[in-house]
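Taking it in order: structure first as structure tokens, then the write-up.
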Ligand code: SF4
């Protein structure tokens with residue numbers, strides 16, 4: 437089948453309505469940038485799920501970072517996006533404006549040099565992310581131990597994908613198929629999604645990030661609607677099994693735990709935390725189990741579960757925009773609301 441045949445099929449599809457969810461922020465971004473929604477029949481609906489790490493980070497976590505930033509000598513280190521995510525009343529960016537020390541880094545490993553140069557400061561890395569990022573934090577812990585660096589800790593809010601997907605399906609989210617997360621699948625292996633596909637009779641298509649790769653995966657998902665299968669359309673990068681070395685170092689330092697997802701509450705065993713034997717590197721990650729909205733009208737929770745679209749939110753493009761985000765989904769380029777806003781999507 438040629439890509440033109442696939443495009444024709446997806447454009448002229450006239451079967452039952454299908455809701456297909458992507459659960460990777462990079463897919464959300466790629467779908468918008470490649471204009472994929474306009475290439476699909478009106479009977480194929482794309483939903484953006486909980487695949488953007490900063491979007492699913494609960495307000496209690498941001499509040500805890502802000503509390504830690506107030507302690508003398510503490511410096512909060514973070515990826516750029518997280519700094520603007522609203523907590524229950526303010527963001528880290530607001531706290532910085534009030535005098536907190538907040539350092540933006542591209543990689544957690546950059547903290548090693550900084551911490552060694554300034555041993556009188558306590559550095560706390562805001563460790564958010566999915567299965568893709570947790571191994572990097574494991575490497576950081578490995579280096580901290582090896583180099584006997586004592587002034588770095590992590591505040592973790594790490595999430596795992598299969599459990600949140602199961603949660604959505606158990607809670608009757610209106611989903612008929614998933615574009616499986618490409619980056620996560622590369623680390624975990626796509627086999628991790630097979631039990632869910634079989635339990636819920638739902639197809640998964642593992643996809644790359646180019647427009648044609650997404651169309652091929654969508655075609656496979658539509659053709660397999662109603663079947664519990666996982667098909668790998670990204671075989672150059674994704675295998676069935678996890679990367680052994682990555683799994684080994686991650687398991688050495690992290691263990692599964694319950695986690696709170698913004699808007700969805702606590703989901704059993706859907707997170708990773710530092711193992712108790714390395715607790716000296718944990719800045720107090722346990723018990724961050726509340727999630728209060730800064731703006732009560734924000735419907736990020738329903739957007740993340742595929743029940744509403746960003747433009748259904750009364751704040752969308754009015755008081756909520758990338759310069760003044762009222763909810764986490766408008767902060768990152770990978771967030772659903774940001775993507776719909778910046779690409780003027782109405783699908
Ligand atoms: Fe929340 Fe803003 Fe999205 Fe509305 S538009 S759901 S306020 S992030």
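Residue numbers (the working numbering): 437 to 783.
Glycine included, each C-beta is placed from N, C-alpha and C at the ideal position.
Item	Value
Would you kindly report the start and end of the unbroken alpha helix (DSSP H) that includes residue 787?	The requested residue 787 is not part of the displayed model; the chain covers only 437 to 783.
Following the continuous beta strand (DSSP E) through residue 640, name the residue where it begins and the one where it ends.	640–642
Quick check on residue 553: does DSSP put it in helix, strand or coil?	helix
To the nearest angstrom, report how far apart residue 701 and residue 460 are at their CA atoms.	19 Å
When you measure from the CB of residue 735 to every non-hydrogen atom of ligand 1, does any distance come out below 6 Å?	yes
Please check the pair residue 561 and residue 600, which I expect to be a contact at CB under 8 Å, by giving their CB distance rounded to whole angstroms.	Not really, about 23 Å apart at Cβ, beyond 8 Å.
When you measure from the CB of residue 692 to every non-hydrogen atom of ligand 1, does any distance come out below 6 Å?	no
Leaving out five residues on either side along the sequence, give the residues of the same chain with a beta carbon under 6 Å from the beta carbon of residue 709.	592, 693 and 721
Taking the alpha helix (DSSP H) that residue 565 belongs to, which residues open and close that run?	Residue 565 -> not in any alpha helix (DSSP H); beta strand (DSSP E) instead, spanning 558–565.
Please report the Cβ distance between residue 698 and residue 564, rounded to the nearest whole angstrom; I am assuming they are in contact, meaning their Cβ atoms lie under 8 Å.	Not confirmed; about 11 Å, so no contact.
Assign residue 775 to buried or exposed, taking buried as 16 or more other Cβ atoms, counted over all protein chains shown, within 10 Å of its Cβ.	buried
State yes or no: is the C-beta of residue 522 nearer than 6 Å to some heavy atom of ligand 1?	no
Apart from the five residues just before and just after residue 627, which ones in its own chain have a Cβ nearer than 6 Å to its Cβ?	676
For residue 505 versus residue 536, is the C-beta spacing smaller than 7 Å?	yes
Start and end of the beta strand (DSSP E) containing residue 592?	588–595
Under 6 Å from any heavy atom of ligand 1, does the C-beta of residue 746 make it?	yes
Using the beta-carbon count (16 or more within 10 Å), is residue 751 buried or exposed?	buried
Out of 759, 765, 486 and 742, which has the shortest C-alpha to C-alpha gap to residue 783?	742
Count the CB pairs spanning the segment 471–482 and the segment 502–519 that are closer than 8 Å, and state whether there are at least three.	no
What does the alpha-carbon distance come out to for the pair residue 703 and residue 696?	6 Å
Give me the Cβ distance between residue 616 and residue 673, rounded to the nearest whole Å; I'm assuming they're in contact under 8 Å.	Incorrect: roughly 12 Å between the Cβ atoms, too far for contact.
Quick one, which of 526, 685 and 475 has its alpha-carbon nearest residue 567's?	685
Would you identify the three-state DSSP class for residue 547, choosing helix, strand or coil?	helix
Evaluate residue 520 with the Cβ neighbour count: other Cβ atoms within 10 Å of its Cβ, from every protein chain shown; 16 or more gives buried, anything less gives exposed.	buried
Per DSSP, which residues does residue 481 bridge with? Please list them.	455
Using three-state DSSP, classify residue 667 as helix, strand or coil.	strand
Ends of the alpha helix (DSSP H) at residue 693?	Counting along the chain, residue 693 falls outside any alpha helix (DSSP H), though it belongs to the beta strand (DSSP E) covering 690–697.
Determine, using beta carbons only, whether residue 454 and residue 637 come nearer to each other than 7 Å.	no
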